[in-house]
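Visitor: Taken in sequence, the protein lines are chains A and B. 1 is the number of the first residue of the first sequence in the UniProt record's numbering; add one for each residue after it. 1 is the number of the first residue of the second sequence in the UniProt record's numbering; add one for each residue after it.
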Amino acid sequence: MDTSGLNSPELQRFLNQEKEKAMVNEMVAKLTNVCWDKCITGTPGSKFSSSESACLSNCAQRYLDMSVIIMKRFQSMH
Amino acid sequence: MDSFSSPTGSSSPFSTDDFMDKFKTQLAQAYAQEFLETVTGKCFEKCITKPGSSMSGSESSCVSRCVDRYIEATGIIGRALLNSSR
Numbered sequence: 001m002d003t004s005g006l007n008s009p010e011l012q013r014f015l016n017q018e019k020e021k022a023m024v025n026e027m028v029a030k031l032t033n034v035c036w037d038k039c040i041t042g043t044p045g046s047k048f049s050s051s052e053s054a055c056l057s058n059c060a061q062r063y064l065d066m067s068v069i070i071m072k073r074f075q076s077m078h
Numbered sequence: 001m002d003s004f005s006s007p008t009g010s011s012s013p014f015s016t017d018d019f020m021d022k023f024k025t026q027l028a029q030a031y032a033q034e035f036l037e038t039v040t041g042k043c044f045e046k047c048i049t050k051p052g053s054s055m056s057g058s059e060s061s062c063v064s065r066c067v068d069r070y071i072e073a074t075g076i077i078g079r080a081l082l083n084s085s086r
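Okay, structure coming up:
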């Protein structure tokens, strides 16, 4: 197989984009997993209650806030 | 199993477009599979509390609703993340 195409800038760009997209996807998947457990406590209904959907949205944002706090704390420990 | 090399091992030039297509397809399939496994686990937890000798009607409808809700939850979380990264 002629692999000279493997070094192309186009391919590098593609792989970088796919890597970023994959990281975002993983984050969404992980957060949905965690926030589902925190927010959907009863049997799933035919739609979310407003408190359930608010909880899910809040959960994601608080998780992000927390990541920043943790990182800063870590950095201040040098 | 290796879908990135030609079947006969001939020296055909590496096709970037072909590679990118196959890459995206396989990645999408991997994600779909991971998603299915996660949803199955979550909904089993929520809906099948005492496994009987067959699935009851209420268990089946719970599972349907659960899948819909989990997909909806994924959208809510995704949008929350998009909106906060400014």
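Just so you know, even glycine gets a beta-carbon here, dropped at the ideal spot from N, CA and C. As the structure is a prediction and not an experimental result, all values here were calculated from the model.
(1) Name, going along the chain, the residues of the region 49 to 81 of chain B whose beta-carbon falls closer than 7 Å to a beta-carbon of chain A.
(2) Under 8 Å, do G5(A) and F35(B) count as touching if we go by C-beta distance?
(3) Using Cβ-Cβ distances below 8 Å, what residues of the region 16 to 39 of chain B are close to chain A?
(4) Kindly indicate which residue of V28(A), P9(A), I69(A), R13(A) has the alpha-carbon position closest to the one of I76(B).
(5) Cβ of I70(A) less than 8 Å from any chain B Cβ?
(6) From C39(A) to P9(A), what distance separates their C-alpha atoms?
(7) Which class does P51(B) belong to by DSSP, given the choice of helix, strand or coil?
(8) Report the neighbours of M23(A) on chain B: residues whose CB is nearer than 8 Å to its CB, in chain order.
(9) Report the neighbours of N33(A) on chain B: residues whose CB is nearer than 7 Å to its CB, in chain order.
(10) Taking Cβ-Cβ distances shorter than 7 Å, what residues in chain A pair up with F44(B)?
(11) Spatial neighbours of R86(B) within its chain, please: C-beta separation below 6 Å, excluding the five flanking residues on both sides.
(12) Cβ of L31(A) within 8 Å of Cβ of T16(B)?
(13) Quick one: give me the first and last residue of the alpha helix (DSSP H) that T74(B) is part of.
(14) Residues in its own chain within less than 6 Å of C55(A) by CB, not counting five upstream and five downstream?
(15) So if I threshold CB-CB distances at 9 Å, which residues from the region 39 to 55 of chain A count as touching chain B?
(16) Count the other CB atoms, across all protein chains shown, that sit within 10 Å of the CB of A80(B); report buried if there are 16 or more and exposed otherwise.
(17) So which residues of chain B does M66(A) contact, with C-beta pairs closer than 7 Å?
Guide: By the coordinates alone:
(1) From the region 49 to 81 of chain B, only C62, R65, C66, R69, Y70, E72, A73, T74, I76, I77, G78, A80, L81 have a Cβ closer than 7 Å to chain A.
(2) To locate residue 5(A), count along the first sequence from 1; it is residue 5. To locate residue 35(B), count along the second sequence from 1; it is residue 35. For G5(A) and F35(B), no; Cβs fall outside 8 Å.
(3) Per Cβ criterion, the list reads T16, F19, M20, F23, K24, L27, Y31, E34, F35, T38.
(4) What you label residue 76(B) is simply residue 76 of the second sequence in a count that begins at 1. Among V28(A), P9(A), I69(A), R13(A), the Cα nearest to that of I76(B) is on V28(A).
(5) Looking up residue 70(A) in the first sequence gives position 70. Chain B, which has no Cβ nearer than 8 Å to the Cβ of I70(A), makes this no.
(6) Working through the first sequence from its first residue, we reach residue 39(A) at position 39. Working through the first sequence from its first residue, we reach residue 9(A) at position 9. Cα to Cα, C39(A) sits roughly 44 Å from P9(A).
(7) To locate residue 51(B), count along the second sequence from 1; it is residue 51. Reduced to three states, the DSSP call for P51(B) is coil.
(8) For the purposes of this step, residue 23(A) is taken as the residue at position 23 of the first sequence. Those within 8 Å of M23(A) in chain B number zero; the least Cβ separation is about 11 Å.
(9) Here residue 33(A) refers to the residue found at position 33 of the first sequence. Those are T38, listed as they occur along chain B.
(10) As a first step, residue 44(B) must be located in the second sequence, where it is residue number 44. Near F44(B) there are no residues of chain A at all, since even the closest Cβ is about 12 Å away, more than 7 Å.
(11) Position 86 of the second sequence, counting from 1, holds the residue named residue 86(B). With a pLDDT of only 49 at R86(B), under the threshold of 50, the placement of this residue in the model should not be trusted, and no figure is reported.
(12) Residue numbering aside, residue 31(A) sits at position 31 when the first sequence is read from its first letter. Residue numbering aside, residue 16(B) sits at position 16 when the second sequence is read from its first letter. Going by C-beta atoms, L31(A) is not nearer than 8 Å to T16(B).
(13) The residue you call residue 74(B) lines up with position 74 of the second sequence. 57 to 84 is the extent of the alpha helix (DSSP H) around T74(B).
(14) Translated into positions along the first sequence, residue 55(A) becomes position 55. So the qualifying residues of the chain are C39.
(15) C39, I40, G42, T43, P44, G45, S46, K47, F48, E52, S53
(16) As a first step, residue 80(B) is located in the second sequence; it is residue number 80 there, counting from the start. Buried is the call here.
(17) Taking the first residue of the first sequence as 1, we reach residue 66(A) at position 66. Within 7 Å Cβ-Cβ: nothing; M66(A) doesn't reach chain B, min ~12 Å.
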